[in-house]
């Protein structure tokens with residue numbers, strides 16, 4: 307066997323072993339990555355025409371689901387995105403809304419019930435999700 311072929315095979319085996327090791331390592335969760343901070347879920351939704359009240363009802367039902375399941379430590383705030391600048395002035399969007407879910411405990415799929423499915427459906431029926439991100443926030447040091 308030539309030196310080049312041996313080297314190529316050795317590199318291939320090392321890369322395969324590294325890939326297998328990387329796949330075997332458990333992925334860090336957002337909570338794991340946010341030790342010492344406050345984990346938040348930030349969503350930006352485009353509310354469909356005429357569906358503002360339905361979107362806001364979905365947000366109320368969202369929070370009510372947590373409270374109804376004994377979870378009182380999380381917070382959910384929702385509001386219109388404000389567009390503009392100091393020179394031209396500002397306006398509240400009629401269609402773009404942000405929601406910030408603080409200290410969401412992360413609910414396993416097997417704990418989600420018909421009421422969960424109903425508020426998720428209400429969000430989907432009333433809006434299109436544009437941004438869905440986790441963030442780890444803390445006071446600057």
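In the numbering used here, the protein residues as written are 307 to 447. Positions of the beta carbon are idealized from the N, C-alpha and C atoms, including for glycine.
Compare the beta carbon distance of residue i and residue j with 8 angstroms and say whether it is the shorter of the two.
i           : j           : result
residue 388 : residue 378 : no
residue 413 : residue 350 : no
residue 380 : residue 336 : no
Thinking C-alpha only, which one of the options is nearest residue i?
i           : options            : result
residue 442 : 346, 352, 335, 376 : 346
residue 440 : 428, 409, 421, 447 : 409
residue 348 : 382, 390, 401      : 382
residue 371 : 421, 445, 427      : 421
When the Cα atoms are used, what is the spatial distance from residue i to residue j?
i           : j           : result
residue 407 : residue 367 : 13 angstroms
residue 354 : residue 376 : 32 angstroms
residue 320 : residue 384 : Because the pLDDT of residue 320 is 42, which lies under 50, any placement of that residue in the model is unreliable, and the question is left without a value.
residue 405 : residue 344 : 15 angstroms
residue 318 : residue 333 : Residue placement at residue 318 cannot be trusted, given a pLDDT of 41 that sits under 50; what the coordinates show is reported in the next sentence. Each residue's alpha carbon lies about 24 angstroms from the other.
residue 352 : residue 400 : 9 angstroms
residue 373 : residue 424 : 15 angstroms
residue 427 : residue 369 : 15 angstroms
residue 402 : residue 447 : 32 angstroms
Can you give me the start and stop residues for the beta strand (DSSP E) that residue i sits inside?
i           : result
residue 436 : 433-443
Would you kindly report the start and end of the unbroken alpha helix (DSSP H) that includes residue i?
i           : result
residue 373 : 358-374
Open item on the list: Using a Cβ distance threshold of 8 angstroms, determine whether the region 356-372 contacts the region 426-438, with at least three qualifying pairs required.
Closed with: These segments touch.
Open item on the list: Would the region 417-425 count as touching the region 335-344 if we require 3 or more Cβ pairs under 8 angstroms?
Closed with: No: fewer than three Cβ pairs fall under 8 angstroms.
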